[in-house]
Each structure stands twice: as structure tokens, then as C-alpha cells.
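What follows is a set of notes on a single structure, which appears directly below.
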Amino acid sequence: MSASRRTIAWLRGDLRVDDNPALATALERGTDGCTAVYLIDDAFWSRHHWGPARRGMNLRAVAAMRAGLAEAGIDLRVLTTASNPAEEVIAEACRLLGATEVHVNREFGVDELRRDERVAIRLADANVDLRRHHDQTILPVEEIRSGAGTPYTVFTPFKRKWIALLGEAGIPAPLDPPRTSDPPLKTSPPLADEIDLDTALRDVPESAFEAGEAEPHRRLEAFLDGPVERYHDDRDPPSLDGTSTISPWLACGSISPRRILMVLTRRFGPDPAAWAKGPSTWLSELIWREFYRHVMDGIPKLSMDRPLHGWTDRVRWRDDEAGFTAWCDGRTGIAIVDAGMRQLAATGWMHNRVRMITATFLAKHLLIDWRRGERFFMHQLVDGDFPSNNGGWQWAASTGTDAAPYFRIFNPDRQAERFDPEATYIRRWIPEYDGPGSMKPIVDLKAARVRAIETFKTAKNG
Ligand SMILES: Cc1cc2nc3c(=O)[nH]c(=O)nc-3n(C[C@H](O)[C@H](O)[C@H](O)COP(=O)(O)OP(=O)(O)OC[C@H]3O[C@@H](n4cnc5c(N)ncnc54)[C@H](O)[C@@H]3O)c2cc1C
4 MSASRRTIAW LRGDLRVDDN PALATALERG TDGCTAVYLI DDAFWSRHHW
54 GPARRGMNLR AVAAMRAGLA EAGIDLRVLT TASNPAEEVI AEACRLLGAT
104 EVHVNREFGV DELRRDERVA IRLADANVDL RRHHDQTILP VEEIRSGAGT
154 PYTVFTPFKR KWIALLGEAG IPAPLDPPRT SDPPLKTSPP LADEIDLDTA
204 LRDVPESAFE AGEAEPHRRL EAFLDGPVER YHDDRDPPSL DGTSTISPWL
254 ACGSISPRRI LMVLTRRFGP DPAAWAKGPS TWLSELIWRE FYRHVMDGIP
304 KLSMDRPLHG WTDRVRWRDD EAGFTAWCDG RTGIAIVDAG MRQLAATGWM
354 HNRVRMITAT FLAKHLLIDW RRGERFFMHQ LVDGDFPSNN GGWQWAASTG
404 TDAAPYFRIF NPDRQAERFD PEATYIRRWI PEYDGPGSMK PIVDLKAARV
454 RAIETFKTAK NG
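Numbering (our numbering), first residue to last: 4 to 465.
Below, the structure is given as C-alpha cells:
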């Protein structure tokens with residue numbers, strides 16, 4: 004006979020019932036009841052520059068998950084840190100529910116780890132156990148180390164190790180969603196919602212990205228039904244629907260990367276080394292996502308606004324408010340940059356190639372501190388994901404892992420000629436575009452390139 008016990012599953016970046024280790028364990032161990040809770044933490048979100056698109060995606064995903072959990076007889080309560088910090092809110096929920104265990108899926112980033120540590124200490128005072136589960140990645144990337152025992156800072160050897168570990172451990176089996184309980188699991192004494200979700204949802208902007216668990220699976224299947232075969236070629240031209248567009252759901256945890264890998268292996272076989280170029284390139288992108296979480300975990304300064312390469316702290320970034328505003332507004336006069344920034348403003352999403360071009364333009368041609376761009380992206384993106392965003396920005400600014408060498412600078416016009424030769428993407432976002440030379444750039448690309456190289460060289464020689 005197992006002991007009678009009440010548990011809490013505290014949901015955060017894991018808004019799904021499928022393959023959710025914290026939820027599954029809380030349910031299994033909550034022999035006398037399990038309640039799911041979600042905390043609206045406005046201050047935390049603001050500190051991490053989450054904008055309306057990202058907040059809206061999360062709140063809608065919470066609503067979808069509440070419906071999914073209700074079908075399984077599990078209550079989801081929405082709490083808030085408006086008056087009390089997270090540790091007090093969770094401790095009070097435990098007191099009201101008589102819960103002795105709280106299960107969470109581990110999140111990456113220093114603030115997240117510190118918050119969980121504070122919660123663990125506070126709960127321990129009340130004889131409640133905070134149990135942390137591995138979740139956000141396919142493999143436990145926080146445990147991966149190089150031969151020298153250090154975290155990897157270059158992608159290719161990390162990927163090699165990752166593939167080898169996958170071969171040794173086998174494809175991790177995703178956990179099935181909870182089955183309907185009959186009678187429903189008890190959650191008495193009741194814990195009330197502190198925020199009315201329907202009211203909160205009225206304030207979030209419309210979005211073309213339908214929150215919940217069904218849509219990412221639909222997109223995944225549609226992608227695997229065809230586009231994945233040409234992914235290695237089609238992922239670069241931004242006018243094509245050549246990528247999966249699954250990132251918003253991965254960011255809020257509505258689909259699990261382990262489930263994705265399982266679906267991939269069912270389609271293409273158990274050994275990724277034997278896959279065709281398309282699916283194998285796509286897997287590499289999922290491994291990039293794992294890599295950025297690996298470095299963020301192993302090198303804490305990355306989540307403290309610091310570059311990986313210390314010398315780049317000496318770069319004298321320009322103070323150029325007009326340039327920054329023009330970039331944000333998509334009015335730099337460089338067609339591909341403006342098209343990308345307008346896509347971002349209109350949809351909350353931007354094609355990867357164009358993220359690379361717009362980020363490089365800000366950090367190199369305008370020589371504006373990459374952290375300003377990183378924050379702006381985070382505020383605008385519906386798929387805002389701290390490790391991937393930081394990794395992408397540090398790559399573009401030549402300050403981070405696998406960084407583009409500072410003297411190799413994308414020319415945005417050449418990039419447009421190569422990846423958008425008919426200006427199809429540019430015209431979609433800038434209807435008034437009238438061909439090369441029709442816009443007035445705010446910088447001379449050649450001179451700006453030389454200025455960036457000289458500035459970086461001075462910093463490096465430092
Ligand atoms: C400056 C910059 C900022 C970025 N900010 C974010 C961000 O906030 N959130 C985010 O999810 N991605 C970010 N990326 C990575 C990438 O642009 C997006 O993941 C991708 O465009 C999402 O589209 P998709 O789902 O169609 O990707 P697909 O090409 O279908 O790839 C599948 C998945 O692999 C992962 N992935 C793909 N490329 C990368 C990459 N370069 N780095 C890490 N993971 C990757 C994503 O989870 C993506 O959903 C950024 C890249 C750059 C250059």
C-alpha cells in the first residue's frame with residue numbers, strides 16, 4: 004500500500020499534458036489528490052522582456068491545458084505573484100491543499116534556478132518537498148561534458164557527443180498523457196483561482212498561432228509529410244514555407260522535443276545517421292536548441308547579460324537612438340532588414356535567415372549593442388526563448404559560441420539577392436518596394452562594415 008499523499012504539479016514552460024514528467028509524477032504520487040497550478044508572474048516576465056505576443060501565447064496555452072486536464076479530472080488553478088513572491092504563493096497553495104510534494108520541470112537560466120532554490124528552501128521549512136524533473140530537452144544536456152569535463156562552446160563536437168549519447172541511451176520514450184480518472188481526483192480543500200483566466204485572456208492580442216497541443220502536432224505532421232525532405236535547401240529562402248514554424252509551441256512547452264524525436268524515428272527509422280539529408284538537417288536544428296540550453300546552463304554569465312568572449316565587452320558600441328528606432332520600426336532603408344522587422348511586428352515571428360540578417364545589421368552595420376536587439380526581439384517574438392535568442396544574438400554579434408568571426412559580416416543586400424532573388428519576401432512585407440536602389444539606406448553598408456571591423460579589432464587588441 005502506498006502512503007496517502009497530496010501533490011501539486013507546478014506548470015511553467017511545459018504547458019502540455021502529453022509527455023510531461025512533472026505532471027505525470029505528481030499524478031502518480033498524489034494518491035489522495037493532485038492539483039496543477041500555474042503562476043502568472045508579471046514581474047518575472049517583464050524582467051525577462053516578455054511582450055504581449057509571448058504572454059498571450061502562454062495564457063492561451065494555460066487555458067487549453069486547463070480544458071485538457073479537466074477531461075482527466077484534474078483541476079488547474081491560476082495563481083499570481085502580484086502580492087507575494089513565488090515561494091510564498093506555492094507554500095500557501097500547499098498549506099491549503101495539504102500537499103507534501105510539489106513537482107516541477109527544470110527550467111534553464113540563472114533567475115529560474117534561483118527562484119526554484121528559494122521555493123525549495125521555503126517549502127522545506129513547511130516539510131514539503133520540491134522535486135525537479137528533466138524536461139525541456141531530449142537529452143539531459145546539463146549533464147553533457149567534454150573530455151576535459153567542461154561544457155561545450157562549439158556546436159559540432161557537442162552534436163557529435165549528443166548523437167553518441169543518444170545511441171547509447173536509446174530514443175527516450177515520451178510519457179503518455181494522463182488517463183481520465185473515475186472518480187475525479189480530489190482537490191479538496193479547494194484552492195481558488197486568484198486570477199480569472201477568461202478576463203486575463205481578453206487583454207491579450209490576437210494571434211495566428213493557435214495555442215494548445217493539437218496545432219503543433221498538426222504542423223509537425225504537415226511538415227514531415229513533404230517539406231522536411233527539402234529542408235536542407237528550402238529552409239533558407241524566407242519566401243518559402245520551408246520550415247516547420249513549430250517554435251512558438253516549443254517555446255511554451257506545448258509540444259515535447261522527445262515526442263518530436265519519437266515521431267521522427269517512426270517515420271525515418273531509429274538511427275538518425277541513416278536519415279536522408281532533409282530530416283537529418285532538421286534534427287540538427289533541434290540539437291542547436293539543445294546546445295544553447297547546454298551552454299546557458301554550463302556558463303551562468305550568459306544569462307546575466309554577459310558575452311561568452313570577454314574581450315567583446317571592450318567593443319565601443321554606438322549610442323544611436325535614431326538608428327535603433329529605425330531598425331525597430333523597419334525603416335532602415337535596407338529592404339531585407341525592413342521586411343524582416345515588419346514581419347516581426349505584424350506576426351511575432353521571423354524567418355531564421357532574416358533573424359540572422361537583421362541581427363547582424365544591428366550589431367555590425369549600426370554597431371549598436373546586441374543586448375538591445377536581444378531584448379527587443381524577446382519583447383516582440385511569440386516564440387521568444389531565452390537560450391535560443393541569446394545564442395542567436397551572440398552568434399550574430401560575434402560575442403558567443405560558434406560566433407561568426409567579427410571580420411566576416413553578412414552584406415544584407417547580397418543576402419537578399421541570394422535568398423530572395425525575386426524580392427518575393429521583401430514585397431510581401433514592403434508592398435511599396437520598387438526594386439534595388441529604390442530605398443534610402445540610413446548607413447552606407449561598405450563604410451559601416453569597415454567601421455565595425457576596426458572597432459572589433461581595437462577591442463580585441465585591447
Ligand atoms: C538573432 C536570433 C534570434 C533567435 N531567437 C529565437 C527565439 O527567441 N526562439 C526560438 O525558438 N528560436 C530563436 N532563434 C532560432 C531560429 O530562428 C528559430 O528557432 C526558427 O526560426 C523557428 O522557426 P521554425 O520553428 O520554423 O524552425 P525549424 O527550421 O523548423 O527548426 C525546428 C526547431 O529547431 C529549433 N531551431 C531551429 N533553428 C535554431 C537555432 N538557430 N537556434 C536554436 N534553435 C533552433 C527551434 O526550436 C525550431 O522550432 C533565433 C535565431 C537568431 C539568429
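Just so it is clear, CB atoms sit at the ideal spot from N, CA and C, and this is done for glycine as well.
Please go through the same chain and pick out, in chain order, the residues whose beta-carbon is closer than 7 Å to the beta-carbon of residue i, but skip the five residues on each side of it.
| i | result |
| --- | --- |
| THR140 | PRO260, GLU293, ARG296 |
| ILE360 | ILE339, VAL340, GLY343, PHE413, PRO415, GLN418 |
| MET241 | The amino acid at residue 241 is misidentified as Met; the sequence shows Pro. HIS354, ARG356, VAL357, PHE422, ASP423, TYR428. |
| LYS443 | GLY336 |
Quick check on DSSP: helix, strand or coil for residue i?
| i | result |
| --- | --- |
| VAL453 | helix |
| THR284 | helix |
| THR83 | strand |
| THR315 | helix |
| VAL40 | strand |
| ASP236 | helix |
| THR461 | helix |
| ASN414 | coil |
| TRP278 | coil |
| MET442 | coil |
| ALA214 | coil |
| LEU267 | helix |
| TRP320 | coil |
| ILE433 | coil |
| GLU425 | coil |
| TYR409 | coil |
| ILE258 | coil |
| GLY101 | coil |
| ASP447 | coil |
Do you know how far the Cα of residue j is from the Cα of residue i?
| i | j | result |
| --- | --- | --- |
| VAL131 | PRO180 | 26 Å |
| GLY395 | THR246 | 17 Å |
| ILE147 | PRO310 | 21 Å |
| ALA276 | GLY336 | 44 Å |
| ARG269 | ASP447 | 51 Å |
| GLN397 | GLN346 | 22 Å |
| LEU223 | ILE263 | 8 Å |
| VAL40 | ARG118 | 16 Å |
| PRO55 | VAL207 | 6 Å |
| GLY376 | LEU204 | 28 Å |
| LEU2 | ASN87 | Given that the chain is displayed from residue 4 to residue 465, the structure contains no residue 2 and the question cannot be resolved. |
| ARG431 | PRO219 | 25 Å |
| GLY313 | ARG321 | 18 Å |
| MET214 | THR248 | Note that residue 214 is Ala in the sequence shown, not Met. Using only the alpha carbons, I get a separation of about 13 Å. |
| GLU123 | TYR234 | A small fix is needed here, since residue 123 is Ala in this sequence, not Glu. Approximately 44 Å, taken between the alpha carbons. |
| ILE371 | LEU365 | 6 Å |
| ASP22 | PRO177 | 5 Å |
| TRP285 | ASP78 | 37 Å |
| GLY333 | ASP274 | 44 Å |
| GLY438 | MET265 | 45 Å |
| GLY59 | GLU209 | 8 Å |
Can you name the start and end residues of the alpha helix (DSSP H) that residue i belongs to?
| i | result |
| --- | --- |
| TRP48 | 45-50 |
| GLU120 | 113-128 |
| GLU74 | 55-74 |
| ASN108 | That residue, ASN108, is in no alpha helix (DSSP H); its beta strand (DSSP E) goes 104-108. |
| PRO88 | That residue, PRO88, is in no alpha helix (DSSP H); it is neither H nor E in DSSP. |
| VAL20 | Neither: VAL20 is in no alpha helix (DSSP H) and is coded neither H nor E. |
| GLU209 | GLU209 -> no alpha helix (DSSP H), and no H or E assigned at all. |
| ILE249 | Element bounds for ILE249: n/a, residue is neither H nor E. |
First and last residue of the beta strand (DSSP E) that includes residue i?
| i | result |
| --- | --- |
| THR10 | 10-14 |
| HIS136 | 132-136 |
| LEU305 | No beta strand (DSSP E) contains LEU305, which DSSP labels as neither H nor E. |
Using a Cβ-Cβ cut-off of 6 Å (strictly less than) and excluding sequence neighbours within five positions of residue i, which residues of its own chain qualify?
| i | result |
| --- | --- |
| HIS106 | ALA12, ALA25, THR28, ALA29, ARG134 |
| ASN464 | none |
| ARG378 | HIS52 |
| PRO143 | HIS137 |
| GLU145 | ASP300 |
| ILE198 | ILE43, VAL81, THR83 |
| HIS382 | HIS52, GLY54 |
| GLU71 | Position check: residue 71 holds Gly in this sequence, whereas Glu was assumed. VAL20, listed in sequence order. |
Report all residues from its chain with a CB closer than 8 Å to the CB of residue i; omit the five preceding and five following residues, and keep chain order.
| i | result |
| --- | --- |
| LEU200 | LEU62, VAL65, ALA66, ARG69, VAL81 |
| LEU470 | Residue 470 cannot be examined here, being either before or after the span of the chain that is shown, 4 to 465. |
| ILE308 | For the sequence presented, residue 308 should be read as Asp rather than Ile. Only ARG374 meet the Cβ criterion. |
| ARG452 | LYS367, HIS368, ILE412, ASN414 |
| ASN392 | GLU377, PHE380, MET381, LEU384 |
Do residue i and ligand 3 come close, with the Cβ less than 8 Å from some heavy atom?
| i | result |
| --- | --- |
| ARG261 | With respect to small molecules bound, the structure shown includes ligand 1 and not ligand 3. |
Complete runs of the beta strand (DSSP E) confined to the region 139-206 [at least 3 residues]: none
Completely contained alpha helix (DSSP H) runs for the region 338-386, where each covers 4 or more residues: Entirely contained in the region 338-386, the alpha helix (DSSP H) runs reaching 4 residues are, in chain order, 338-350, 355-363, 373-383.
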